[in-house]
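Reading the sequence shown from the start, the letters are residues 240 to 479 in this note's numbering.
Think of the CB as a built atom: it goes at the ideal place given N, C-alpha and C, for glycine as much as any other residue.
First the structure, in the form of structure tokens, and then the observations on it.
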Amino acid sequence: MAGQPKPRAEGAPVGRRAVLGMLGAGAAGLAAAPYLQRGWEGLLGAASQVDATGLTGLLPNPGGFRYYSVVGSVPHKDETNYALTVGGLVTKPKTYTLADLRAMPQTRVVHDVLCTDGWRVDKTPFDGVKLADILDASEVRSPGAAVRFTCFDGAYTESLTLEQARRSDILVALNMQDKPITHEHGGPVRLYVAPMYFYKSAKWLSGISVTDKVVPGFWEERGYAIDGWLDDADRHGEAA
């Protein structure tokens, strides 16, 4: 009717402004999420370096990974001071710098990462040198039957049989998730054993030694399985 006031039109613009504001906040949140995640991961990683209790490994992390060290602190290594020694029952002992490892043929392995604590990160890409290539270059000699790994944290160790070590999905890894492996993740070089639980993938790798038998690693000495196969692993996977 002509005498009635017209409806106010302010409702629609206010609604649009609210929606646009929410969309803007959401977009800003999405844009900031990677930075916030990296910041939180960095904080967890730094805290783990001074936390011998492992309690920081219980804190939530959007990236999926947890951080744990068996010692109170771990020295940082980079291009200037990193070295990987290969020895034991080999004809040609070798020492590799980080540049040496980067110059070698690289292999990519994409596999789920599972920890005995229950967390997992699906379809994680790792890139690096096949452990088999490093063993071949040093020429394993009799009675070599296993490989022992040591780490520059001064405490952690791991082992594989020689047959396991020659699998094509076992890497001396330099990259994880398409980026150089950070110190917190065990860089600059770590072992990656795709078909086994993540405790087999020793962080801060510094030594590879061929032995005549399997030497139980740090966690095996504390009750973990020596062969930490994942439930769905192909235990007879093709050798490299």
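So what's residue i in DSSP terms, helix, strand or just coil?
i, result
"residue 335", "strand"
"residue 405", "coil"
"residue 447", "strand"
"residue 460", "helix"
"residue 395", "coil"
"residue 247", "Because residue 247 sits at a pLDDT of 46, beneath the cut-off of 50, its placement in the model cannot be relied upon, and the point is left open."
"residue 412", "strand"
"residue 277", "With a pLDDT of only 49 at residue 277, under 50, the local geometry of the prediction cannot be trusted, and no value is derived from it."
"residue 372", "helix"
"residue 305", "coil"
"residue 431", "strand"
"residue 385", "strand"
"residue 323", "strand"
"residue 439", "helix"
"residue 359", "strand"
"residue 340", "helix"
Find out if the Cβ-Cβ distance for the pair residue i, residue j is shorter than 8 angstroms.
i, j, result
"residue 366", "residue 351", "no"
"residue 336", "residue 321", "yes"
"residue 385", "residue 399", "yes"
"residue 436", "residue 469", "yes"
"residue 343", "residue 317", "no"
"residue 303", "residue 358", "yes"
Spell out whether any CB of chain C is found under 8 angstroms from the CB atom of residue i.
i, result
"residue 360", "In the structure shown, chain C cannot be found, because there is only a single protein chain."
Would you mind working out which of the options sits nearest residue i, comparing C-alpha positions?
i, options, result
"residue 442", "469, 337, 412, 462", "412"
"residue 426", "434, 445, 435", "445"
"residue 324", "346, 396, 389", "389"
"residue 345", "463, 423, 475, 415", "415"
"residue 392", "308, 303, 304", "308"
"residue 327", "447, 356, 403, 353", "447"
"residue 306", "456, 382, 354", "354"
"residue 394", "458, 368, 381", "458"
"residue 477", "381, 471, 404", "404"
If you draw a straight line from the C-alpha of residue i to the C-alpha of residue j, how long is it?
i, j, result
"residue 450", "residue 370", "15 angstroms"
"residue 453", "residue 387", "7 angstroms"
"residue 374", "residue 339", "15 angstroms"
"residue 410", "residue 348", "8 angstroms"
"residue 421", "residue 315", "10 angstroms"
"residue 473", "residue 313", "34 angstroms"
"residue 467", "residue 433", "11 angstroms"
"residue 463", "residue 341", "33 angstroms"
"residue 423", "residue 406", "26 angstroms"
"residue 431", "residue 440", "5 angstroms"
"residue 465", "residue 428", "22 angstroms"
"residue 332", "residue 471", "35 angstroms"
Rounded to whole angstroms, how far is the Cβ of residue i from the Cβ of residue j, which I believe are closer than 8 angstroms?
i, j, result
"residue 364", "residue 408", "12 angstroms between Cβ atoms; not a contact."
"residue 378", "residue 330", "4 angstroms"
"residue 456", "residue 397", "4 angstroms"
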